[in-house]
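Below is one structure; the comments refer to it alone.
Number of protein chains: 2
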Amino acid sequence: MSNSAQWLGFTAAALTTSSFFPQALKTLRTNETAGISLRMYLLFTSGVSAWAVYGFWVQDWPVFWANVVTLLPAAAVLERKVRASLRSAGDRQRQGKDR
Amino acid sequence: MSNSAQWLGFTAAALTTSSFFPQALKTLRTNETAGISLRMYLLFTSGVSAWAVYGFWVQDWPVFWANVVTLLPAAAVLERKVRASLRSAGDRQRQGKDR
Numbered sequence: 230m231s232n233s234a235q236w237l238g239f240t241a242a243a244l245t246t247s248s249f250f251p252q253a254l255k256t257l258r259t260n261e262t263a264g265i266s267l268r269m270y271l272l273f274t275s276g277v278s279a280w281a282v283y284g285f286w287v288q289d290w291p292v293f294w295a296n297v298v299t300l301l302p303a304a305a306v307l308e309r310k311v312r313a314s315l316r317s318a319g320d321r322q323r324q325g326k327d328r
Numbered sequence: 230m231s232n233s234a235q236w237l238g239f240t241a242a243a244l245t246t247s248s249f250f251p252q253a254l255k256t257l258r259t260n261e262t263a264g265i266s267l268r269m270y271l272l273f274t275s276g277v278s279a280w281a282v283y284g285f286w287v288q289d290w291p292v293f294w295a296n297v298v299t300l301l302p303a304a305a306v307l308e309r310k311v312r313a314s315l316r317s318a319g320d321r322q323r324q325g326k327d328r
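As they're listed, the protein sequences go chains A and B.
Numbering of the first sequence is given in the working numbering, commencing with residue 230 and proceeding in unit increments.
Numbering of the second sequence is given in the working numbering, commencing with residue 230 and proceeding in unit increments.
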């Protein structure tokens, strides 16, 4: 692989990987998850894990590292969203009992 | 590249790529963008574009296709978030003038 290609790969990795940190910080700070898709974060964290294994397997280090690092903020957002979804499911159930 | 590795790459691609569609559908349907990070979607769409060029360059087709397809829903979410941010910036400016 040429040096320029590897440099572009690492730039791409830096952009997509760093992008999840402002989202995770926002979600952890505001706990505002109404606009966040639970399905997206379930699929995404599974996919990022699979990409990491793939990158390791074919020894594509930009792909490997980008996905290992992305897993952290993605899992943080997923955790908050799952919590909020469970809470609102509980609320709905309680409301149902009241009626 | 072995067939199993390529299969894993395409599985990973299917997961992370498909993940942005439920988010885009949710955002387009509800217009609920308060919990969405503008900075995330700016960095992310730039990064996904860079990954597509990288994948093409090193002829890593799972990386190329995953990112070309991801660009669509990511750009849709970004567009809605940019619109909402411009609108609320306009609102703040008008409120400032009223005082």
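All C-beta atoms, glycine included, are put in the ideal place defined by N, C-alpha and C.
#### Entry: Contact list for A241/B against chain A, beta-carbon separation under 7 Å
G276, A279, W280 and Y283
### Task
Please list, in chain order, all residues of the same chain as W280/A whose beta carbon is under 7 Å from its beta carbon, the five residues on each side excluded.
V292 and N296
### Task
State the Cα-Cα distance for the pair L244/B and L237/B, rounded to the nearest angstrom.
11 Å
### Task
Evaluate G319/B with the Cβ neighbour count: other Cβ atoms within 10 Å of its Cβ, from every protein chain shown; 16 or more gives buried, anything less gives exposed.
exposed
### Query
Does any C-beta atom of chain B lie closer than 9 Å to the C-beta of L315/A?
no
#### Entry: Check whether T262/A and K310/A have beta carbons under 9 Å apart
yes
### Query
Going straight from the alpha carbon of Q387/B to that of V287/B, what length do you get?
Residue 387/B is absent from the model: chain B starts at 230 and stops at 328.
### For G276/A and I265/B, believed in contact at Cβ under 8 Å, the rounded distance
Actually they do not touch by this definition, with Cβ atoms about 19 Å apart.
### Query
Name the chain A residues whose beta carbon is nearer than 7 Å to that of R268/B?
P251
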